[in-house]
Amino acid sequence: MAKKFFSVFLICLLVCVMVSEHSIEGLMVASEKGGKDYIKWVDFDITYEALEDAMNVDIETYEQDLHVSWVDILAFLACKYGGDFSMYSHKDIDWFVEKLNEGSSVDDITSNMKSYPYYYKAYCAVIGNFLGLDKDGNYGLTAYSPVAEGYWYTDSDDFGNGRSYGFARKHLGHDMFCSVGTPVAAVEGGKVEALGWNQYGGWRIGIRSHDGFRYYYYAHLRKDSPYIKDLKEGDTVKAGQIIGYSGQSGYSVKENVNNINVPHLHFGMQLVFDESQKECNSEIWIDTYALIRLLSKHRASPEVKETAKTAAATAEVPILMYHGLTKKQSQVNDYFIPASTFESDMKYLKEHGYTAITMTELIDYVYDKTGKVALPEKPVIITFDDGYCNNYNYAAPALEKYGMKAVISVIGHACEEASVADYRAEDYCNVTWDQIQEMSNSGLWEIQNHTWDFHEAKGGRKGASKKRGESEEVYEKTLKEDLSKLQKKLKETTGVSPNTFTWPFGAYTEDSRDLLKTLGFKATLSCNGGINTIKKGDTEGLYLLKRKLRTPKASIAELLQ
Numbered sequence: 013m014a015k016k017f018f019s020v021f022l023i024c025l026l027v028c029v030m031v032s033e034h035s036i037e038g039l040m041v042a043s044e045k046g047g048k049d050y051i052k053w054v055d056f057d058i059t060y061e062a063l064e065d066a067m068n069v070d071i072e073t074y075e076q077d078l079h080v081s082w083v084d085i086l087a088f089l090a091c092k093y094g095g096d097f098s099m100y101s102h103k104d105i106d107w108f109v110e111k112l113n114e115g116s117s118v119d120d121i122t123s124n125m126k127s128y129p130y131y132y133k134a135y136c137a138v139i140g141n142f143l144g145l146d147k148d149g150n151y152g153l154t155a156y157s158p159v160a161e162g163y164w165y166t167d168s169d170d171f172g173n174g175r176s177y178g179f180a181r182k183h184l185g186h187d188m189f190c191s192v193g194t195p196v197a198a199v200e201g202g203k204v205e206a207l208g209w210n211q212y213g214g215w216r217i218g219i220r221s222h223d224g225f226r227y228y229y230y231a232h233l234r235k236d237s238p239y240i241k242d243l244k245e246g247d248t249v250k251a252g253q254i255i256g257y258s259g260q261s262g263y264s265v266k267e268n269v270n271n272i273n274v275p276h277l278h279f280g281m282q283l284v285f286d287e288s289q290k291e292c293n294s295e296i297w298i299d300t301y302a303l304i305r306l307l308s309k310h311r312a313s314p315e316v317k318e319t320a321k322t323a324a325a326t327a328e329v330p331i332l333m334y335h336g337l338t339k340k341q342s343q344v345n346d347y348f349i350p351a352s353t354f355e356s357d358m359k360y361l362k363e364h365g366y367t368a369i370t371m372t373e374l375i376d377y378v379y380d381k382t383g384k385v386a387l388p389e390k391p392v393i394i395t396f397d398d399g400y401c402n403n404y405n406y407a408a409p410a411l412e413k414y415g416m417k418a419v420i421s422v423i424g425h426a427c428e429e430a431s432v433a434d435y436r437a438e439d440y441c442n443v444t445w446d447q448i449q450e451m452s453n454s455g456l457w458e459i460q461n462h463t464w465d466f467h468e469a470k471g472g473r474k475g476a477s478k479k480r481g482e483s484e485e486v487y488e489k490t491l492k493e494d495l496s497k498l499q500k501k502l503k504e505t506t507g508v509s510p511n512t513f514t515w516p517f518g519a520y521t522e523d524s525r526d527l528l529k530t531l532g533f534k535a536t537l538s539c540n541g542g543i544n545t546i547k548k549g550d551t552e553g554l555y556l557l558k559r560k561l562r563t564p565k566a567s568i569a570e571l572l573q
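One rule links them: number in this note's numbering = place in the sequence shown (from 1) + 12.
Encoded structure:
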């Protein structure tokens with residue numbers, strides 16, 4: 013157990029990096045897993061005053077025509093101050109909002125700020141999910157203080173202070189001094205990744221946020237009974253749920269020992285932009301002092317004695333179906349919607365607490381026999397059919413901005429033609445194999461099979477369905493050859509074999525299910541409308557999943573009902 017968290021402290025012997033000492037470009041690194049760029053260091057030194065002021069603007073403008081995001085505000089301020097928030101003035105927020113009200117966009121205002129994309133991504137990772145709608149429909153803080161309502165504590169900004177037990181190191185968390193037995197709440201919902209004894213942290217809990225960017229560490233919990241009843245690794249907890257109780261355990265290789273002089277909760281937040289950062293010598297732990305002050309405005313009731321549950325046996329899962337995105341009004345139709353509409357959809361999903369999942373995550377949930385694999389509280393699957401390059405150009409930025417991910421089902425021959433074409437109509441052509449590889453490596457996209465060359469309605473066949481009078485033997489041979497060709501190409505391109513087949517035009521042949529299973533497909537997507545009720549263990553229920561077509565005529569809210 014000690015080994016899992018040893019690197020948290022070892023980092024301080026090996027790395028002492030500050031934003032001011034490096035260029036913004038130096039804070040990005042290419043992943044060995046596929047070439048994508050990810051952030052390798054964040055100094056989150058925003059003052060409480062700046063956080064509070066920016067948050068209030070976001071909340072106050074929520075239902076106005078111009079909703080101003082606090083992440084946009086704070087990223088702008090960071091650029092203006094060179095990351096030094098000791099220079100903060102509320103007048104700068106007023107100027108930013110005034111420019112937006114005058115008609116300027118965030119892109120216009122920050123066009124000469126080269127570090128804006130870095131700060132925006134960094135701050136999204138820290139606070140991007142902290143505001144939203146609560147169960148009563150009120151917009152505001154949805155993340156909670158780690159200390160429950162009605163319980164006293166004191167704290168100070170102790171991040172980076174020296175520690176000497178075991179070895180000399182820096183303190184990579186925030187200590188909240190409170191009495192033994194003070195209820196500890198989950199700051200936000202997520203999955204329990206670590207539970208048990210650690211030499212340095214004593215009884216502790218590690219929880220990973222649903223979007224994967226934040227790892228929360230609660231340590232020095234109460235001797236004898238540190239956790240709520242039945243809590244275990246793999247459980248899913250909700251924001252504000254009581255998960256354990258403060259104490260003074262730790263500083264011993266022997267379990268259940270109180271060697272901490274003063275009872276307190278050690279709270280830490282680690283940022284994870286790439287899985288290689290989770291346990292390594294360059295982990296990103298941030299100073300949460302200002303955040304804790306902000307979250308003190310939203311504390312959980314200790315009376316909610318909800319125990320952790322194994323993953324629910326059923327889940328309602330809406331699947332949204334998109335095709336093309338465009339920036340030209342003349343191209344808008346039932347299958348091509350404005351790119352701005354898609355971005356608005358992603359913003360709506362985030363603000364209303366939805367978490368985008370992939371088909372693989374859905375399949376893993378259904379096939380799970382341990383009871384540990386859970387879906388987020390409000391899952392949604394975002395799908396794109398056909399593989400237009402406008403998905404690559406316009407959808408990817410919106411997915412990244414709002415912490416979403418999508419499933420794209422591509423047509424093999426169309427991708428092949430796009431890959432060798434001398435000229436490509438960038439808004440209407442299909443993605444190339446190189447783009448597919450890039451999309452798969454980005455973590456924003458899951459690539460699935462939409463046939464190699466069965467996306468037409470001619471010769472008596474609609475899509476990949478069986479023709480009237482066609483023998484079963486001939487049909488299965490034809491379908492197998494087509495799908496296998498794309499399966500092989502996508503495995504060569506991405507390293508992953510698709511597990512989901514998307515029926516072109518929604519025209520399916522029910523009797524082909526056994527054949528699809530032999531080709532590795534554990535699910536199929538139809539064009540039948542509706543919301544899916546997914547049941548653990550019901551593997552047959554993954555075939556012919558229902559989807560809601562996104563047209564310009566219906567709102568995103570209507571599609572989710």
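The beta-carbon is built from N, C-alpha and C at its ideal position, and this holds for glycine as well.
task: Please work out which residues of its chain come closer than 7 angstroms, Cβ to Cβ, to G140, disregarding the five sequence neighbours upstream and downstream, and give them in chain order.
output: Along the sequence shown, read from residue 1 onward, the residue named residue 140 stands at position 128. Correct list, in chain order: V83, G415.
Close-in-space but distant-in-sequence residues of the same chain around L561 (CB under 6 angstroms, 5 per side omitted): For this step, residue 561 is matched to residue 549 along the sequence shown. So the list reads M333, once near-sequence residues are dropped.
query: Buried or exposed: which applies to K381, given that a residue is buried once 16 or more other Cβ atoms fall within 10 Å of its Cβ?
result: Along the sequence shown, read from residue 1 onward, the residue named residue 381 stands at position 369. Looking at its Cβ environment, which holds fewer than 16 other Cβ atoms inside 10 Å, K381 is exposed.
field: CB of F171 within 9 angstroms of CB of D299, strictly
entry: Locating residue 171 in the sequence shown gives position 159, where the first residue counts as 1. Locating residue 299 in the sequence shown gives position 287, where the first residue counts as 1. In terms of Cβ geometry, F171 and D299 form a close pair [threshold 9 angstroms].
query: Does the stretch 154–166 touch the stretch 66–81, meaning 3 or more C-beta pairs lie closer than 8 angstroms?
result: Counting Cβ pairs under 8 angstroms, fewer than three are found: no touch.
- request: Pick helix, strand or coil for F108, following the three-state DSSP scheme.
  value: As a first step, residue 108 is located in the sequence shown; it is residue number 96 there, counting from the start. Looking at F108 - three-state DSSP - the assignment turns out to be helix.
query: So V443 is in the alpha helix (DSSP H); what residue range does that whole segment cover?
result: Counted from its first residue, the sequence shown places residue 443 at position 431. Per DSSP, V443 belongs to no alpha helix (DSSP H) and is neither H nor E.
message: With three or more beta-carbon pairs closer than 8 angstroms as the criterion, would you say the stretch 192–207 touches the stretch 149–159?
response: A contact exists between the stretch 192–207 and the stretch 149–159.
- prompt: Would a C-beta distance cut-off of 9 angstroms place A407 and P391 closer than the cut-off?
  reply: Looking up residue 407 in the sequence shown gives position 395. Looking up residue 391 in the sequence shown gives position 379. For A407 and P391, no; Cβs fall outside 9 angstroms.
message: Tell me which residue opens and which closes the beta strand (DSSP E) that Q282 is part of.
response: Here residue 282 corresponds to residue number 270 of the sequence shown, with the count starting at 1. Q282 -> beta strand (DSSP E) spans 276–283.
task: Measuring alpha carbon to alpha carbon, tell me which of N461, Y555, V486, Y100 ends up nearest V575.
output: Residue 575 lies beyond the residue range present for the chain, which begins at 13 and ends at 573; the question has no answer from this structure.
Selection from E61, S221, G95 that minimises the alpha carbon distance to S101: For the purposes of this step, residue 101 is taken as the residue at position 89 of the sequence shown. Cα-wise, what sits closest to S101 is E61.
message: Can you tell me whether W464 is helix, strand or coil according to DSSP?
response: Stepping through the sequence shown from its first residue, residue 464 is reached at position 452. Of the three classes helix, strand and coil, the one that applies to W464 here is coil, per DSSP.
message: Let me make sure I understand the geometry here. Which of K359, S538, G224 has the alpha-carbon closest to that of S477?
response: Here residue 477 refers to the residue found at position 465 of the sequence shown. Checked all of K359, S538, G224; the closest Cα to S477 is S538.
DSSP state of D247 mapped onto helix, strand, coil: Residue 247 sits at position 235 when you count from the first residue of the sequence shown. Three-state DSSP puts D247 in coil, outside helix and strand.
task: Mind checking which residues open and close the alpha helix (DSSP H) that includes N574?
output: No answer is possible for residue 574: the residues shown for the chain start at 13 and end at 573.
- request: Grab the span of the beta strand (DSSP E) containing Y50 for me, first residue to last.
  value: To locate residue 50, count along the sequence shown from 1; it is residue 38. It spans 49–51 - the beta strand (DSSP E) in which Y50 sits, taken as one unbroken run.
CA nearest to the CA of A351, picked from L411, E493, H364, I331: Translated into positions along the sequence shown, residue 351 becomes position 339. For A351, the closest alpha carbon among the candidates L411, E493, H364, I331 is that of L411.
- request: Helix, strand or coil for F88, going by three-state DSSP, please let me know.
  value: As a working note, residue 88 is residue 76 in the sequence shown. Secondary structure of F88 (DSSP, three-state): helix.
field: Proximal residues to D223 (C-beta, below 6 angstroms), its chain only, five neighbours per side dropped
entry: Here residue 223 refers to the residue found at position 211 when the sequence shown is read from its first residue. Taken in chain order, the residues that qualify are G415.
message: How far does the beta strand (DSSP E) with N544 in it extend, from its first residue to its last?
response: For the purposes of this step, residue 544 is identified with residue 532 of the sequence shown, where counting begins at 1. Its beta strand (DSSP E) spans residues 544–547.
- prompt: Going by other Cβ atoms of all chains shown within 10 Å of its Cβ, with 16 needed for buried, is D70 buried or exposed?
  reply: Along the sequence shown, one-based indexing puts residue 70 at 58. It counts as buried.
- request: May I ask you to report which of helix, strand or coil DSSP gives L556?
  value: Taking the first residue of the sequence shown as position 1, residue 556 is located at position 544. Looking at L556 - three-state DSSP - the assignment turns out to be coil, as it is neither helix nor strand.
- prompt: Under a CB-based cut-off of 9 angstroms, is K503 close to chain C?
  reply: No chain C appears in the structure shown, which is made up of a single protein chain.
- prompt: Quick one: Cα of G244 to Cα of T122, how far?
  reply: Within the sequence shown, the letter at position 232 stands for residue 244. Within the sequence shown, the letter at position 110 stands for residue 122. The question names Gly, yet the displayed sequence has Lys at residue 244. Going by the C-alpha atoms only, they are around 45 angstroms apart.
message: Please tell me whether K203 and D247 are closer than 9 angstroms, where the distance is taken between their beta carbons.
response: The sequence position of residue 203 within the sequence shown is 191, counting from 1. The sequence position of residue 247 within the sequence shown is 235, counting from 1. For the pair K203 and D247, the CB atoms are nearer than the 9 angstroms cut-off.
- prompt: Anyone know if the C-beta pair for Q260 and N268 falls short of 9 angstroms?
  reply: Translated into the one-based positions of the sequence shown, residue 260 becomes position 248. Translated into the one-based positions of the sequence shown, residue 268 becomes position 256. Cβ distance not < 9 angstroms, so Q260 and N268 don't count as in contact.
- prompt: Do the CB positions of L528 and F513 come within less than 9 angstroms of each other?
  reply: Taking the first residue of the sequence shown as position 1, residue 528 is located at position 516. Taking the first residue of the sequence shown as position 1, residue 513 is located at position 501. Going by C-beta atoms, L528 is nearer than 9 angstroms to F513.
- prompt: Can you name the start and end residues of the beta strand (DSSP E) that P350 belongs to?
  reply: Your numbering for residue 350 matches position 338 in the sequence shown. Taken as a continuous stretch (DSSP letters only), the beta strand (DSSP E) holding P350 covers 348–350.
query: Using 8 angstroms as the Cβ pair cut-off and three pairs as the minimum, do the stretch 466–481 and the stretch 513–524 touch?
result: The stretch 466–481 is in contact with the stretch 513–524.
task: Determine the burial state of N124: buried for a count of at least 16 other Cβ atoms within 10 Å of its Cβ, exposed for fewer.
output: Numbered from its first residue, the sequence shown carries residue 124 at position 112. Taking a 10 Å sphere around the C-beta of N124, we find fewer than 16 other C-beta atoms and assign the residue as exposed.
query: To which residues of the same chain is R175 closer than 8 angstroms at the C-beta, ignoring the five residues directly before and after it?
result: For the purposes of this step, residue 175 is identified with residue 163 of the sequence shown, where counting begins at 1. Around R175: F21, R181, K182, H183.
message: What does the alpha-carbon distance come out to for the pair L557 and N544?
response: On the sequence shown, residue 557 is found 545 positions in, with the first residue counted as 1. On the sequence shown, residue 544 is found 532 positions in, with the first residue counted as 1. Cα to Cα, the separation comes out at about 7 angstroms.
- request: In the DSSP assignment, find the beta strand (DSSP E) that holds E143 and state where it starts and stops.
  value: Along the sequence shown, one-based indexing puts residue 143 at 131. Here the sequence assigns Leu to residue 143, which means Glu is not the residue at that position. Counting along the chain, the beta strand (DSSP E) containing L143 begins and ends at 143–145.
- request: Take every Cβ of the stretch 204–223, pair it with every Cβ of the stretch 235–242, and state whether three or more of those distances are shorter than 8 angstroms.
  value: Yes: at least three Cβ pairs fall under 8 angstroms.
- prompt: From L387, G213, D357, pick the residue whose C-alpha is nearest to that of V265; which is it?
  reply: For the purposes of this step, residue 265 is identified with residue 253 of the sequence shown, where counting begins at 1. Shortest Cα-Cα distance from V265 to any of L387, G213, D357 involves G213.
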